[in-house]
Amino acid sequence: MSMLEIVTLPAPILRKKTRPVTDFGPELQELIENMVETMRAANGVGLAAPQIGRSLRLAVIEDLPKEDDEGNEIPDSRDLYVIVNPEIVWESRDTVDGIEGCLSIPGYLGEVERAQSIRVRGQDRYGKKMRWRLKEWTARIFQHEIDHLDGVLYIDKLTDEANFWTEEAFQARFEEEE
Ligand code: ZN
């Protein structure tokens, strides 16, 4: 496995619609392994192919750890999703505002409104047809990553222009509110 370089704004590839994946051979499997490793090393919860310079309809997502009844993180409880050629086929009318960041826009955070739950159709890493039903935080990550595959970034969808902060400014604002 090897680490991939994460491209950041204003790299033009981040604004391009990606091509569908058609070859599920060893090269794709190696690319996926490298994307997972790169995402983990960057402490990310998702990484889309354009973010490592590949215009392919592919992303990897790793959920937050689950918690037990006492709110303690359960070790090794994060779900890993490899999503190939995904399409959102349904979104709930209920939406929720939440704070997002992006490995391709380092140092910033913004508030985005997303559907609370979604259904996604696509393929797994071997080309098998898949359907996913997702809600809350996982649904948010899926929407963020699938947007990447269409050249859309979270900064296009801010709840308000003012709801975009450097990490430091966000931290300061958060502390003020406490
Ligand atoms: Zn992103």
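Take any residue in the sequence shown, note its place counting from 1, add 4, and you have its number in the numbering used here.
All C-beta atoms, glycine included, are put in the ideal place defined by N, C-alpha and C.
Residues that residue i bridges to, as DSSP identifies them
| i | result |
| --- | --- |
| Gly50 | Ile65 |
| Trp141 | Per DSSP, none; premise fails for Trp141. |
| Ile92 | Val124 |
| Asp101 | Glu117 |
| Arg44 | Answer by DSSP bridge pairing: none, since Arg44 is not bridged. |
Straight-line gap, residue i to residue j (C-alpha atoms, nearest Å)
| i | j | result |
| --- | --- | --- |
| Gln120 | Leu35 | 30 Å |
| Gln175 | Tyr112 | 11 Å |
| Glu171 | Phe146 | 22 Å |
| Cys106 | Tyr158 | 8 Å |
| Ala46 | Asp98 | 31 Å |
| Glu91 | Ile78 | 31 Å |
| Arg125 | Gly131 | 12 Å |
| Val100 | Trp94 | 16 Å |
| Thr110 | Thr12 | Here residue 110 is Pro; the residue named in the question, Thr, does not match the sequence. Those two C-alpha atoms are separated by around 8 Å. |
| Arg135 | Arg123 | 7 Å |
| Phe168 | Gly57 | 25 Å |
| Arg144 | Asn38 | 23 Å |
| Leu8 | Glu180 | 38 Å |
Whole-number beta carbon distance between residue j and residue i, since they are thought to touch under 8 Å
| i | j | result |
| --- | --- | --- |
| Val86 | Asp154 | Incorrect: roughly 19 Å between the Cβ atoms, too far for contact. |
| Val64 | Val25 | The Cβ separation is near 13 Å, so there is no contact. |
| Ala53 | Ser59 | 7 Å |
| Asp67 | Arg82 | 5 Å |
| His148 | Gly50 | 6 Å |
Assigned exposure category for residue i - 16 Cβ within 10 Å defines buried
| i | result |
| --- | --- |
| Asp151 | buried |
| Asn89 | buried |
| Ser6 | exposed |
| Arg137 | exposed |
| Arg118 | buried |
| Leu84 | exposed |
| Arg177 | exposed |
| Gly75 | exposed |
| Gln33 | exposed |
| Thr163 | exposed |
Min CB distance residue i to chain D below 8 Å
| i | result |
| --- | --- |
| Gly57 | The displayed structure is made up of one protein chain only, and chain D is not part of it. |
Continuous beta strand (DSSP E) assignments of at least 3 residues falling wholly in the segment 144 to 179:
Runs found: 168 to 170.
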